Amino acid sequence: MKVYDIAGDCSLVNTFTVYVDNDMPSVIPVRNATYDDRIFFLYEQSSSNQYSDIYDVVTGERYVHLRAGNTVYHSGYNIAFEWLDDNYLLTESSGGGGIHMIPGESGDDTIRAYGWHDWAVPSADNKYIMYMVFMNNTHYSHGFRISRLFYESIEKIKSIPLREGAARYVAFFTKDLIKYDEKHLELLLRELYKVNAKVVFFGDDDSRIVGEELANATGGIFMEYTDYDDALAKLDNYIKNRAAAEIEKESEIALLLNEEYIIESDCYDYENDLIIAGEWVYEHDPNYFENSLGLAPYHLVPQSGPITRFQHTGLFKTTARVQDRPKADVRFSNYWLWSLDVDPLLLYVHRKPVADVEIHAQNPRDELGENKFKKGAPLVLTNNSYDPDAQSRPDRGIVNTKIEYKKLTDTDFTALYNYSSFTLAGNGRYVFRISVDDCYSVWSEPQYIFVEITEQSSSVFSIMATVESQKPEFTPANIPASENLVLKDIATVCNYQVIKVDARLFTAGGSPVATLLTLNSPADVSSLNGNTTYWSDKTYNIPATLPDGNYIMRFVATNTQGHTASLDVPVRVNTPVTIDAYIDGGKGGGEYEAGDVLNLTAYTNVYASSVKVNVSGNWYNLTLMKDDGYVKTWRIDLEIPPATGGGNTDIIFRADTSNGKTATEILGITVRALRIEDFQITHMVNHPIHEGKFPIAWTARRCR
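If you read the sequence shown in my numbering, its first letter stands for residue 189, the second for the next number, and so on.
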């Protein structure tokens with residue numbers, strides 16, 4: 189037997205060899221309304237064995253093998269309904285009676301009616317197949333529930349509009365038993381994948397296996413089905429929450445301060461017009477986080493491209509737009525249009541958290557020096573870590589703290605899960621690695637603490653202290669001159685009374701470079717615990733004139749016996765200076781004449797102590813007009829010297845700090861040469877030529 193595609197190009201689809209054990213075989217095509225690419229046929233045969241087979245035309249697979257029962261030729265299996273009761277095929281027999289339900293996988297199951305003229309009719313809602321049996325004037329009616337999940341769903345999925353960028357969801361609602369059918373699940377998933385749809389399946393335990401597989405395979409969800417209205421409400425809420433999560437994910441980005449990022453925009457023109465211009469606008473809220481670094485200078489100032497490195501914290505509402513050019517002819521410039529406004533991209537620029545953990549002995553007498561403890565002493569970890577953007581929160585902005593330790597000679601770290609009190613087992617040198625996590629899932633740089641455990645006695649003299657920047661945006665490893673350091677956590681351990689602690693900045697070579705700060709006992713002692721003295725915190729000013737470089741904050745403690753203990757903490761001074769200059773409110777490029785007055789303005793950061801400008805070889809000092817704590821404003825009005833020749837002239841602005849750092853910006857102007865625009869003789873005296881001078885009166889307009 190051969191099968192041809194008569195609805196298409198009449199090509200040969202397949203060739204089958206069917207067994208014929210008697211005369212007059214009959215072949216009846218059976219169209220499967222659900223699957224356009226799957227056509228079955230019913231093969232009947234009248235013989236002593238009397239059977240019928242149903243084959244898949246495409247695959248050649250025989251689905252079922254029917255025993256015909258009382259069927260007689262010409263009145264046998266003349267009606268075949270598709271897949272009833274989830275996984276069965278219903279066929280009708282007339283002329284001897286018999287309604288057959290044949291399992292789809294194997295075998296058969298015959299419901300004998302023993303009557304004449306059995307009819308099978310689908311119900312109006314397609315949920316049941318009803319059939320009627322006439323027998324001796326007595327009527328019997330039977331019904332079988334149909335699950336049309338696969339067939340009806342696939343047809344509806346095919347009709348989903350494929351709108352670009354739309355999120356697609358397919359919801360199933362059922363309380364019916366749905367038998368697992370791998371073959372038809374595969375067909376259904378194939379259609380779902382084509383439209384990139386997620387399944388939201390509402391069902392009970394009878395449908396859970398199928399429902400969860402569909403939901404999990406498409407990234408959807410399975411939910412218990414109670415009633416239709418409740419399910420619709422759950423569906424609405426689920427889709428809204430998913431949409432909100434996707435929007436938040438796509439339109440909100442957390443960035444780190446001073447780290448380089450590449451943020452790209454994508455644009456297209458429906459008419460494929462040339463894109464000729466673009467601009468980015470940043471609306472900055474500098475106070476979104478704590479400890480603001482001030483307002484970004486490009487706040488609401490259009491930029492030609494995206495900012496790749498942010499030096500100010502806060503929330504940036506970012507928008508971008510482009511301009512097209514349908515036609516290069518300037519007469520059509522009215523049609524060079526800018527793109528429509530879009531929802532802003534929200535950029536949250538913040539700082540990494542700071543890990544700050546201290547290790548102390550539970551009994552101060554067991555502290556033998558800085559991070560040096562007596563063997564067997566209980567140790568305590570104090571967590572002072574913080575997020576500079578959220579220090580006022582009860583948790584100081586820290587969500588997680590990870591603390592690990594190991595001996596220096598070991599390879600692997602051990603995590604401390606209960607670190608309120610612990611004891612290190614053996615003598616030797618240990619290293620602790622501490623990291624903290626903020627609410628943006630950003631981990632701090634690791635803090636390393638080296639600890640020594642020893643059996644030596646406690647008759648020692650030691651000093652401990654911590655140095656921090658008063659402003660959280662700086663650290664002792666990178667702090668400008670003129671800023672303040674905070675000297676804190678100062679403690680001395682000694683069997684004799686400690687009478688004072690001196691603190692002072694030194695060069696790396698040991699020369700003092702700043703003011704000596706002294707803490708005296710008892711005025712500056714905050715508390716005593718055994719042989720440990722705790723001292724008050726102090727603020728130490730870095731001189732504004734101190735040159736940039738590497739220094740040491742040296743602590744020296746002195747006891748009543750005249751003995752001393754010292755501690756050196758490295759400090760690096762690095763003073764930034766910036767300048768942003770303007771001529772008559774612009775960035776230069778204007779035309780002037782000798783004698784014209786220039787309005788010169790410069791903006792610097794707070795570390796600039798003076799601003800000068802060079803005009804025609806002469807330096808002039810600008811006057812400080814405003815200092816808001818973040819930006820200094822400087823101004824001066826200068827006349828272009830009358831003797832200045834024509835041509836291009838550079839105006840040089842220079843900002844200086846007290847410690848010798850400079851920043852320069854050069855703006856150019858054009859000076860026109862002096863010329864007389866108008867000259868007129870108004871009176872002439874007629875006088876013979878003779879020695880001497882004669883009077884002449886004249887007027888001339890202003891020379892330009």
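All C-beta atoms in this analysis are idealised placements derived from N, C-alpha and C, irrespective of residue type, glycine included.
Every value quoted in this text rests on a predicted model; they were computed, and no experiment measured them.
For residue i, collect the residues of the same chain with a Cβ closer than 6 angstroms to its Cβ; drop the 5 residues on either side in sequence, then sort them by chain order.
i, result
"W526", "R509 and Q511"
"D772", "N787"
"F694", "P700, I740 and R742"
"W807", "K800"
"S670", "A732"
When burial is assigned at 16 or more other CB atoms within 10 Å of the CB, is residue i buried or exposed?
i, result
"F389", "buried"
"S632", "buried"
"A782", "buried"
"H751", "exposed"
"E779", "exposed"
"F882", "Legend: pLDDT at F882 = 40, less than 50; position of this residue unreliable, value from coordinates given subsequently. That one is exposed."
"T597", "exposed"
"P576", "buried"
"H500", "buried"
"R378", "exposed"
"G331", "Here the model assigns G331 a pLDDT of 37, short of 50, so the residue's position is not dependable, and the following value carries that caveat. The residue in question, G331, is exposed, as its Cβ has fewer than 16 Cβ neighbours within 10 Å."
"D209", "Annotation note: pLDDT 48 at D209 (below 50); position unreliable, no value reported."
"G399", "buried"
"I450", "exposed"
"V387", "buried"
"N836", "exposed"
What do you reckon, are the CB atoms on residue i and residue j nearer than 8 angstroms?
i, j, result
"I591", "L569", "yes"
"W468", "G493", "yes"
"Q635", "V759", "no"
"N559", "V639", "yes"
"D531", "S395", "no"
"A385", "I345", "yes"
"V686", "S709", "yes"
"K775", "L826", "no"
"P830", "T763", "no"
"A679", "T746", "no"
"A653", "D677", "yes"
"K820", "T792", "yes"
"R860", "G834", "yes"
"I495", "Y470", "yes"
"G482", "Y818", "yes"
Roughly how many angstroms lie between the CA atoms of residue i and residue j, to the nearest whole one?
i, j, result
"V801", "P735", "23 angstroms"
"T642", "A549", "13 angstroms"
"D313", "A431", "Note that D313 scores a pLDDT of 43, beneath 50, so its modelled location is shaky and nothing firm can be said."
"Y618", "T733", "41 angstroms"
"K562", "D626", "35 angstroms"
"D768", "G697", "37 angstroms"
"M813", "V794", "13 angstroms"
"G805", "I828", "11 angstroms"
"T811", "I857", "22 angstroms"
"M566", "L402", "A small fix is needed here, since residue 566 is Pro in this sequence, not Met. The alpha-carbon atoms of P566 and L402 are separated by roughly 57 angstroms."
"G614", "G564", "8 angstroms"
"D554", "T706", "27 angstroms"
"V358", "L373", "14 angstroms"
"E661", "F620", "25 angstroms"
"D815", "E448", "30 angstroms"
"L556", "T589", "27 angstroms"
"R581", "Y574", "10 angstroms"
"T599", "T703", "45 angstroms"
"G737", "V757", "14 angstroms"
Once you ignore the five residues that flank residue i on each side, which residues in its own chain have a CB closer than 7 angstroms to its CB?
i, result
"R513", "D461, L462, I464 and W524"
"T727", "Q658, N672 and V674"
"Q749", "Y684"
"K540", "L444, V630, S632 and E633"
"F361", "F390, Y413, Y416 and A419"
"T602", "E592, Y593 and K594"
Considering only heavy atoms of the ligand SAM, does any lie closer than 7 angstroms to the CB of residue i?
i, result
"L755", "Ligands displayed in this structure: none; no statement on the ligand SAM is therefore possible."
Excluding sequence positions up to five away, which residues of its chain have a Cβ less than 8 angstroms from the Cβ of residue i?
i, result
"D844", "V765, A796, S797, S798, V799, K800 and T850"
"L534", "S439, E440, I441, L503, F504, K505 and T506"
"A578", "F477, E478, R584, G585, D626 and C627"
Subject >> Whole beta strand (DSSP E) elements within the region 541-615, 3-residue minimum >> reply: Annotation: the region 541-615 contains the following complete segments of the beta strand (DSSP E) (minimum length 3 residues), in chain order: 545-549, 555-557, 560-562, 567-571 and 586-595.
Subject >> Completely contained beta strand (DSSP E) runs for the region 742-807, where each covers 3 or more residues >> reply: When DSSP assignments are scanned along the region 742-807, the uninterrupted stretches of beta strand (DSSP E) that are 3 or more residues long and fall wholly within it turn out to be 752-761, 767-771, 779-781, 785-793 and 796-803.
**OP:** Note down, one range per segment and in chain order, each beta strand (DSSP E) of at least 3 residues found wholly within the region 390-420.
**Re:** Look at the region 390-420 and you find these whole runs of beta strand (DSSP E), each 3 residues long or longer: 409-412.
Original post:
In chain order, which continuous runs of the beta strand (DSSP E) of length 3 or greater are located wholly inside the region 491-547?
Top reply: Secondary structure in the region 491-547: the beta strand (DSSP E) runs of 3 residues or longer, each lying completely within the stretch, are 502-513 and 533-538 in chain order.
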